[in-house]
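*Asks:* Take the sequence shown: its letters are residues 669 to 894, numbered as in our numbering.
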Amino acid sequence: MLKQAEVEVKNHNYKTAIDLTLPLLDALKLSTVEEISQGHKILGIARCELGDIGNAKEHFETLVVFSPKESIQDFQLSQVCQKLFNKVMGRAEVRRKGVMPKNSDQLHSSENKSATIEIQTVPKPTINLRLQEQSQESDIQKWKLWIPFGVGQFEKNEKKKGTFFLTTQSVLFSTAITTFILFKIDQNADGTFDHARRAETYRITLWSSLGAGVVSTIWGIWDAKK
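#1: Ordered along the chain, which non-local residues of its own chain (more than five positions away) have a Cβ less than 7 Å from that of Ala892?
#2: Assign Phe743 to one of three DSSP states: helix, strand, or coil.
#3: Please report how far the alpha carbon of Lys683 lies from the alpha carbon of Leu692, in whole angstroms.
#4: Helix, strand or coil: which one does DSSP assign to Phe861?
#5: Going by the DSSP bridge assignment, what does Gln855 pair with across the sheet?
#6: Could you pull the start and end residues of the alpha helix (DSSP H) that Leu692 belongs to?
#7: By the 10 Å Cβ neighbour count, where 16 or more other Cβ atoms means buried, how is Lys709 classified, buried or exposed?
#8: May I have a chain-ordered list of the beta strand (DSSP E) segments no shorter than 3 residues that lie completely inside the stretch 702 to 751?
#9: Tell me, please, whether the CB atom of Phe753 is closer than 8 Å to any CB atom in chain B?
#10: For Gly899, report the span of its alpha helix (DSSP H) as first-last.
#11: Roughly how far, in whole angstroms, is the beta-carbon of Ile721 from the beta-carbon of Val677, given that I think they are within contact range, below 8 Å?
#12: The alpha helix (DSSP H) spanning Gln672 covers which residue range?
#13: For Ala867, collect the residues of the same chain with a Cβ closer than 8 Å to its Cβ; drop the 5 residues on either side in sequence, then sort them by chain order.
#14: Check Glu868 in the structure and name its three-state DSSP category.
#15: Does the distance from the C-beta atom of Gln873 to that of Thr836 stay below 8 Å?
#16: What's the gap between the Cα of Ile740 and the Cα of Met669?
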């Protein structure tokens, strides 16, 4: 049905594309990252072309969470919808470049400057300090660096970072779980919803929180192991 929905979008049958795709997302029948990304792409384009800019923007934002480098070159979009998609992608790119790499560069720069000062002023204590650091690193239980929720940072005695990742991931995954429960409560036995708008909000919140939680988890493990 997802492939058929894609065909309908390309044929400018936007209402039909929505009717084919939305039930799949509502019933959580799209299980892979590729399917979820494609579903939100189709809904984002279709809703935008029908003038529903608010919901289209939410679908594009969710799409970027799951597929940060997603392209819509296979579709013919109006100028308004192309600008909306480019705007969402641009903001996501700024966040990726402006948060992780910048902090990483500053951290390495600070470490390099500190190392230079130590070598020039107190050579012998610096050697002893490095030996102590190597000894501390050998005491770290490497397997803990693979655990999310800031465990790796706490193991390396980076308490501020550990608290940040613990809080962020706990909130995101708790939101996803709570939203999923509310989503299922609202769902009727036949898979329909009495409050379709509210169900759609739950669904978007669920996937957004889950996607952001996965990204935060990967970032936390990467940070702990570097």
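Yeah, the Cβ is synthetic: ideal placement off N, Cα and C, and Gly gets one too.
*Replies:* Inspection of the coordinates gives the following:
#1: Residue numbering aside, residue 892 sits at position 224 when the sequence shown is read from its first letter. Short of 7 Å from the beta carbon of Ala892, and not among the five residues preceding or following it, lie these beta carbons of its own chain, in chain order: Leu813, Gly820, Gln821 and Lys824.
#2: Position 75 of the sequence shown, counted from the start, is the residue given in the question as residue 743. Looking at Phe743 - three-state DSSP - the assignment turns out to be coil, as it is neither helix nor strand.
#3: Position 15 of the sequence shown, counted from the first residue, corresponds to residue 683. Position 24 of the sequence shown, counted from the first residue, corresponds to residue 692. For the pair Lys683 and Leu692, the Cα-to-Cα distance works out to about 15 Å.
#4: Indexing the sequence shown from 1 puts residue 861 at position 193. The answer is strand: DSSP assigns Phe861 an E or B state.
#5: On the sequence shown, residue 855 is found 187 positions in, with the first residue counted as 1. According to DSSP, Gln855 bridges with Phe861.
#6: On the sequence shown, position 24 is the one that residue 692 refers to. According to the DSSP assignment, Leu692 belongs to the alpha helix (DSSP H) that extends over Tyr682 to Asp694.
#7: In the sequence shown, the residue the question calls residue 709 occupies position 41. Here Lys709 is buried. Its C-beta has 16 or more other C-beta atoms within 10 Å.
#8: Fully enclosed beta strand (DSSP E) runs of 3 or longer: not present.
#9: Of the protein chains in the structure, only one exists, and it is not chain B.
#10: With the chain running from 669 to 894 in the structure shown, residue 899 is simply not present.
#11: If you number the sequence shown from 1, residue 721 lands on position 53. If you number the sequence shown from 1, residue 677 lands on position 9. Taking a contact as a CB-CB distance under 8 Å, the pair Ile721 and Val677 does not count as one, their CB atoms being some 17 Å apart.
#12: The residue you call residue 672 lines up with position 4 of the sequence shown. Note, Gln672: alpha helix (DSSP H), Leu670 to Lys678.
#13: Walking along the sequence shown from the start, residue 867 turns up at place 199. Within the same chain, Ala867 has close Cβ partners Asp694, Phe851, Asp854, Gln855 and Phe861.
#14: Translated into positions along the sequence shown, residue 868 becomes position 200. Looking at Glu868 - three-state DSSP - the assignment turns out to be helix.
#15: As a working mapping, residue 873 is identified with position 205 in the sequence shown. As a working mapping, residue 836 is identified with position 168 in the sequence shown. Before going further, note that residue 873 is Thr rather than Gln in the sequence given. In terms of Cβ geometry, Thr873 and Thr836 do not form a close pair [threshold 8 Å].
#16: The residue given as residue 740 occupies position 72 in the sequence shown. The residue given as residue 669 occupies position 1 in the sequence shown. Our two residues, Ile740 and Met669, have alpha carbons roughly 19 Å apart in a direct line.
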